[in-house]
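Since the structure comes first, as structure tokens, the remarks are kept for the end.
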Amino acid sequence: MEALNELILNWYPALFLISAGIALAVWMIASRKKIRTDYKQAVELVLHRQYRNGKVSKGKFERRTKSL
83 MEALNELILN
93 WYPALFLISA
103 GIALAVWMIA
113 SRKKIRTDYK
123 QAVELVLHRQ
133 YRNGKVSKGK
143 FERRTKSL
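So the sequence shown is numbered by this note's numbering: it starts at 83 and just counts up by one.
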């Protein structure tokens, strides 16, 4: 028990930095995924609006929505 306590007290800055690094990596991955999802939804919204207004043909609309 004493050895564990000493290990934690001596290595807490390194353990904190490691845990902060892991949390930062997870946050970056999650935010990157959310950015992609938000971008995809925005592109779909604009494409649907252009299709409704007649600026985009049906074939082009289907092709572009399929690629998303």
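Cβ coordinates follow ideal geometry from the N, Cα and C atoms, glycine included.
Model, not experiment: these values are computed from the prediction.
Alpha carbon to alpha carbon, how far is residue j from residue i? Give it in angstroms, no decimals.
{"i": "Ile90", "j": "Ile100", "result": "13 Å"}
{"i": "Asn135", "j": "Lys142", "result": "14 Å"}
{"i": "Arg131", "j": "Ala107", "result": "36 Å"}
{"i": "Gln123", "j": "Ser149", "result": "13 Å"}
Write down the C-beta distance between residue i and residue j rounded to the nearest angstrom, noting that I regard them as a contact closer than 8 Å.
{"i": "Arg146", "j": "Leu129", "result": "6 Å"}
Answer yes or no: the CB of residue i versus the heavy atoms of the ligand ATP, is any distance below 7 Å?
{"i": "Leu89", "result": "With respect to small molecules bound, the structure shown includes none, and the ligand ATP cannot be examined in it."}
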